[in-house]
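Below you'll find the structure, written out as structure tokens, and then a few comments.
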Amino acid sequence: MKKRTLRAQPATADAPLYQLKITLKWSKPPIWRRVVVRADMKLDRLHDVIQIAMGWMDCHLHQFIAAMGSPRSCYGRTDLEFADMDGEMLSESRHTVVDLAPAAKNKFIYEYDFGDNWQHEVTVEKILPPEATFKHPVCLAGANAAPPEDCGGIVGYYDMLEILADPEHSEHEEMKEWIGEEWDAAAFSPEYINKALKRLKV
305 MKKRTLRAQP ATADAPLYQL KITLKWSKPP IWRRVVVRAD MKLDRLHDVI
355 QIAMGWMDCH LHQFIAAMGS PRSCYGRTDL EFADMDGEML SESRHTVVDL
405 APAAKNKFIY EYDFGDNWQH EVTVEKILPP EATFKHPVCL AGANAAPPED
455 CGGIVGYYDM LEILADPEHS EHEEMKEWIG EEWDAAAFSP EYINKALKRL
505 KV
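For what it's worth, this note's numbering labels the leading residue of the sequence shown as 305, then goes sequentially.
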């Protein structure tokens, strides 16, 4: 297989803006976020944006997956021992959002926690003109809280919700203690997310 040339792309003031919709696959009702980032944002920084926007804790491995098919193009931390068997792992620190999705309506996958297998479908909703005053990523909208870490993937998450909704369930009290009294599946706060995103450079 011919190796791809890896080239760092410096941020430029005239980079377009990408409006992305991030949806946790198989979630019903959908767990999603709408964010705006620079087209030339490196993928390791986009990882930070998704973690903050979704409410994950960044305590597991992750990868971006593009061009679904065989072989797949996967982007991640290349110093990790994990590598997808169907394709070469490319460095997320040397590729940008536009490398992954060069046109509007393009989609790619962000996978977090290879055990629980949280897959996020990321869609380029719009490509917006450059904006000189754009200093950091922004969350425009969204709905519902991301599942808690280590709850067993999407199936385990909905099993958890059923247990929490049934006071007669044998595991109800144990689950309430594990999840915490303040956890709310419908919680979403763009203000809280944007406060955290302001600490990220474009």
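Glycine residues also receive a C-beta, built at the ideal position from the N, C-alpha and C atoms.
Using the three-state DSSP reduction, which class does His-351 fall into: helix, strand or coil? Counted from its first residue, the sequence shown places residue 351 at position 47. If DSSP states are grouped into helix, strand and coil, His-351 belongs with the helices.
Met-345 versus Ser-474: straight-line alpha-carbon distance, rounded: Within the sequence shown, numbered from 1, the residue matching residue 345 stands at position 41. Within the sequence shown, numbered from 1, the residue matching residue 474 stands at position 170. Cα to Cα, the separation comes out at about 48 Å.
Could you spell out where the beta strand (DSSP E) holding Gly-446 opens and where it closes? As a working mapping, residue 446 is identified with position 142 in the sequence shown. Element bounds for Gly-446: 442-447.
Could you tell me if Asp-403 is buried or exposed, where buried requires 16 or more neighbouring beta carbons within 10 angstroms of its beta carbon? By 1-based counting over the sequence shown, the position of residue 403 is 99. Asp-403 should be labelled buried.
Closest residue to Tyr-416 among Arg-398, Trp-487, Ile-356, Ile-431 (Cα-Cα distance): Stepping through the sequence shown from its first residue, residue 416 is reached at position 112. Residue Ile-356 holds the alpha-carbon nearest to the alpha-carbon of Tyr-416 among Arg-398, Trp-487, Ile-356, Ile-431.
With Ile-469 as the anchor, note down where its alpha helix (DSSP H) starts and where it stops. Locating residue 469 in the sequence shown gives position 165, counting from the first residue. At residue 469 the sequence reads Ala, which differs from the Ile that was named. Bounds of the alpha helix (DSSP H) holding Ala-469 are 457-469.
Distance, Met-361 Cα to Pro-451 Cα: What you label residue 451 is simply residue 147 of the sequence shown in a count that begins at 1. What you label residue 361 is simply residue 57 of the sequence shown in a count that begins at 1. Cα to Cα, the separation comes out at about 11 Å.
Taking the Cβ atom as the reference point for each residue, do Ala-445 and Arg-376 lie within a distance shorter than 7 Å? Residue 445 sits at position 141 when you count from the first residue of the sequence shown. Residue 376 sits at position 72 when you count from the first residue of the sequence shown. A distance of 7 Å or more separates the beta carbons of Ala-445 and Arg-376.
Whole-angstrom C-beta distance between Leu-324 and Val-442, which should lie under 8 Å: The residue labelled residue 442 in the question sits at position 138 within the sequence shown. The residue labelled residue 324 in the question sits at position 20 within the sequence shown. Contact flag wrong, Cβ pair sits at about 11 Å.
Residues in the same chain with beta-carbon distance under 6 Å from Tyr-414, minus the five sequence neighbours each way, listed in chain order, please. As a working mapping, residue 414 is identified with position 110 in the sequence shown. Excluding residues within five positions, the ones whose Cβ falls inside 6 Å are Ile-354, Phe-368, His-424, Val-426.
Output yes or no for whether 7 Å exceeds the beta carbon distance between Thr-382 and Met-393. As a first step, residue 382 must be located in the sequence shown, where it is residue number 78. As a first step, residue 393 must be located in the sequence shown, where it is residue number 89. In this structure, the beta-carbon distance from Thr-382 to Met-393 falls below 7 Å.
Start and end residues, beta strand (DSSP E) containing Lys-411: Taking the first residue of the sequence shown as position 1, residue 411 is located at position 107. Run containing Lys-411: 411-416, per the beta strand (DSSP E) assignment.
For a test of the three-state rule: what should DSSP assign to Met-361, helix, strand or coil? Position 57 of the sequence shown, counting from 1, holds the residue named residue 361. For Met-361, the three-state secondary structure derived from DSSP is coil.
Relative to the C-alpha of Trp-336, which candidate in Ile-497, Ala-469, Glu-486, Arg-503 has its C-alpha closest? One-based indexing of the sequence shown puts residue 336 at position 32. Comparing alpha carbon positions, the residue from Ile-497, Ala-469, Glu-486, Arg-503 closest to Trp-336 is Ile-497.
Cβ neighbours of Lys-329 in the same chain (closer than 6 Å, five flanking residues each side left out): Looking up residue 329 in the sequence shown gives position 25. Within the same chain, and ignoring the five residues on either side of Lys-329 in sequence, the residues whose Cβ sits closer than 6 Å to its Cβ are Gln-423, Glu-425.
For Ala-405 and Val-428, the rounded distance between their alpha carbons: Along the sequence shown, read from residue 1 onward, the residue named residue 428 stands at position 124. Along the sequence shown, read from residue 1 onward, the residue named residue 405 stands at position 101. Their Cα atoms are separated by approximately 7 Å.
What does the Cβ neighbour count give for Arg-342, buried or exposed, with the cut at 16 atoms within 10 Å? As a position in the sequence shown, residue 342 is number 38, starting the count at 1. By the neighbour-count rule (16 or more Cβ atoms within 10 Å), Arg-342 is buried.
Bounding residues of the beta strand (DSSP E) (the contiguous stretch that carries Pro-325): Indexing the sequence shown from 1 puts residue 325 at position 21. Looking at the sequence provided, one finds Lys at residue 325 rather than Pro. First-last of the beta strand (DSSP E) with Lys-325: 321-328.
Keeping to the same chain, check which residues put their C-beta closer than 8 Å to that of Ala-407; ignore five residues upstream and five downstream. Position 103 of the sequence shown, counting from 1, holds the residue named residue 407. Closer than 8 Å at Cβ, skipping near neighbours: Val-428, Ile-431.
Thinking C-beta only, is Ala-436 closer than 7 Å to Phe-492? Residue mapping note: residue 492 aligns to position 188 of the sequence shown, counting from 1. Residue mapping note: residue 436 aligns to position 132 of the sequence shown, counting from 1. It is not a contact, given that the beta carbons lie outside the stated cut-off.
CB-CB under 6 Å to Glu-396, same chain, minus the five flanking residues each way: which ones, in chain order? What you label residue 396 is simply residue 92 of the sequence shown in a count that begins at 1. Closer than 6 Å at the Cβ level, and outside the excluded window around Glu-396, lie Leu-347, Asp-348, Tyr-379, Gly-380.
Going by alpha carbons, who is nearest to Lys-502 out of Lys-332, Lys-411, Asp-352, Tyr-322? By 1-based counting over the sequence shown, the position of residue 502 is 198. The shortest C-alpha to C-alpha distance from Lys-502 to any of Lys-332, Lys-411, Asp-352, Tyr-322 is the one to Asp-352.
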